Each structure stands twice: as structure tokens, then as C-alpha cells.
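In our numbering, the protein residues as written are 28 to 114.
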């Protein structure tokens with residue numbers, strides 16, 4: 028049980044970090060272009076930080092953990108089925 032918890036939680040931090048970094052970079056670029064139209068470039072950092080922290084990052088983290096964990100568990104069950112460890 029603890030092995031599965033470690034696999035799902037701790038070993039998923041890499042993909043979550045990578046996804047969050049690129050999402051934040053793209054969001055900052057897009058927000059910077061819009062804010063440049065109104066001469067408000069100084070607010071880009073605050074906007075990106077708040078919106079990622081409150082809204083986007085938790086959703087992406089949940090999606091990445093779910094996708095990684097479920098695909099690994101399905102592959103493990105498939106292997107067990109092929110090797111006749113389960114019926």
C-alpha cells in the first residue's frame with residue numbers, strides 16, 4: 028500500500044513540475060501580449076501567479092497524477108493477466 032502511495036505521490040512530482048512550468052510560461056507569454064496593449068506589463072507576474080496557484084495548477088496536478096497512476100496500474104494488471112497471475 029505504501030509503495031503504491033509513494034509511486035502515485037512522490038514519483039509524480041517530476042511530470043507535475045514540468046507541466047506546471049510550461050503551462051505558466053505559455054500563460055505568461057499570452058498575458059504579457061494582452062497587458063502590453065494596455066501598458067500594464069507589471070501585472071503579468073501577479074496575474075500568472077495568482078491564477079496558476081488558485082485555478083490551473085491544482086487541476087493539472089490532479090490530471091497528471093491520475094493519468095500517470097491509472098496507466099501504470101492498468102499496465103501492471105495487463106502484465107499480471109498475461110502471465111496468468113490473476114484470472
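Idealized CB from N, CA, C, for every residue including glycine. Keep in mind that this is a model prediction, so the values were computed, not measured.
Spatial neighbours of residue i in its chain, beta-carbon cut-off 7 Å, leaving aside the 5 residues before and after
| i | result |
| --- | --- |
| residue 91 | 39, 42, 43, 46 |
Chain-order list of residues whose beta-carbon lies under 8 Å from that of residue i (same chain, five-residue window excluded)
| i | result |
| --- | --- |
| residue 54 | 75, 78, 79, 83 |
Coil, strand or helix - residue i by DSSP
| i | result |
| --- | --- |
| residue 111 | coil |
| residue 100 | helix |
| residue 91 | helix |
Residue i: first and last residue of the uninterrupted alpha helix (DSSP H) it sits in
| i | result |
| --- | --- |
| residue 53 | 40–64 |
| residue 33 | 29–36 |
| residue 74 | 71–78 |
Expected contact under 8 Å - CB spacing of residue i and residue j to nearest Å
| i | j | result |
| --- | --- | --- |
| residue 71 | residue 58 | 5 Å |
| residue 35 | residue 96 | 4 Å |
| residue 87 | residue 110 | That pair is no contact at about 35 Å. |
Proximal residues to residue i (C-beta, below 6 Å), its chain only, five neighbours per side dropped
| i | result |
| --- | --- |
| residue 113 | 107 |
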